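Worksheet for the structure shown next.
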């Protein structure tokens, strides 16, 4: 299901997926690695947009991995229910990438990268998912995260040009002004751009049975000293690590808890009750 920023289902989807787990490296595929935009790059992009006072927009690529061109010769079995009755043993030769293929994400990125550079964009040196096109004093900035693309420019006509160019080359859906991206709730106002993770945090509090907890003013008690040699009882390692992972993601919009999360993250190998209490305080 496709969800919106409130977690509501806005579209149901179905897709044909091939058995990528049966592929043989060196025969069916070679390279599979593909970069994705770092969270730091996303925050910097939003900060720059705020500094230059331009709106950020978002588009979504439909059937993303079907756009990639294959370099290898790949075959797959006929899909169940769609096989040729006269030739049930025939196989399908793929002309394009398909969901499930190990090289599908890389094939999509390669095609998009080629298209953007042909349009005059320069790829970022540190983050290869950041693209910049400058014309005079105007700067068009594009950030790619698999099938989600956010972009903005000091000149609104450049924004429309980019949107039209993408929709001409790929099947796209124009979502409009950016409001939700990778779990970040984003609000754009004249006075600035604001990010939050209220929805995600509420889900985590419910998941860890803390939705009725009393709020705290600080993430950690002043002078708090944690130790791996603590005498308090052991706690479930898996649950503790899950809570640390959730907190690390929340630091995307709450950098003020970074130090406290780093402290409690040291004890994931053998967490104690005192460590868990410190973790719960950060959530509160």
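Numbering (UniProt numbering), first residue to last: 1 to 284. Backbone N, C-alpha and C fix where the C-beta goes; we use that ideal spot for every residue, glycine too. All values reported here derive from a predicted model rather than from experimental measurement.
{"Check": "Segment contact, 8 Å Cβ cut-off, at least three pairs: the stretch 25-34 with the stretch 169-181", "Outcome": "no"}
{"Check": "The alpha helix (DSSP H) enclosing residue 39, as first and last residue numbers", "Outcome": "39-52"}
{"Check": "Which of helix, strand or coil DSSP assigns to residue 204", "Outcome": "helix"}
{"Check": "Three-pair Cβ contact test at 8 Å for the stretch 91-107 versus the stretch 121-138", "Outcome": "no"}
{"Check": "Residue 182 versus residue 115 - alpha carbon distance", "Outcome": "24 Å"}
{"Check": "Runs of alpha helix (DSSP H) lying entirely within the stretch 213-262, each at least 4 residues, in chain order", "Outcome": "237-250"}
{"Check": "8 Å Cβ shell around residue 138 - same chain, five flanking residues per side excluded", "Outcome": "153, 154, 155 and 158"}
{"Check": "Buried/exposed call for residue 222, threshold 16 Cβ in 10 Å", "Outcome": "exposed"}
{"Check": "Simplified DSSP assignment, three categories, for residue 199", "Outcome": "helix"}
{"Check": "Three-way DSSP call (helix, strand, coil) for residue 23 in this model", "Outcome": "coil"}
{"Check": "Cutoff 6 Å; reference residue 284; Cβ partners in own chain excluding five residues on either side", "Outcome": "213, 215 and 216"}
{"Check": "Secondary structure, alpha helix (DSSP H): runs of 4+ residues fully inside the stretch 71-127", "Outcome": "104-118"}
{"Check": "Residue 255 to residue 232 span [Cα, whole Å]", "Outcome": "29 Å"}
{"Check": "Straight-line gap, residue 73 to residue 184 (C-alpha atoms, nearest Å)", "Outcome": "39 Å"}
{"Check": "Through-space distance from residue 271 to residue 198, alpha-carbon basis", "Outcome": "27 Å"}
{"Check": "Own chain residues within Cβ distance below 6 Å of residue 124, not counting five before or after", "Outcome": "130"}
{"Check": "Same chain only: Cβ atoms within 8 Å of residue 48, ignoring 5 sequence neighbours per side", "Outcome": "141"}
{"Check": "Residue 55 - DSSP class collapsed to helix/strand/coil", "Outcome": "coil"}
{"Check": "Rounded straight-line distance, which links the Cα of residue 79 to that of residue 43", "Outcome": "42 Å"}
{"Check": "Residue burial classification, residue 260 (beta-carbon count within 10 angstroms, cutoff 16)", "Outcome": "buried"}
{"Check": "Close beta carbons around residue 204, own chain, < 6 Å, minus the five adjacent residues each side", "Outcome": "246"}
{"Check": "Sheet register partners of residue 173 (DSSP bridge)", "Outcome": "60"}
{"Check": "Bridge partner(s) assigned by DSSP for residue 145", "Outcome": "148"}
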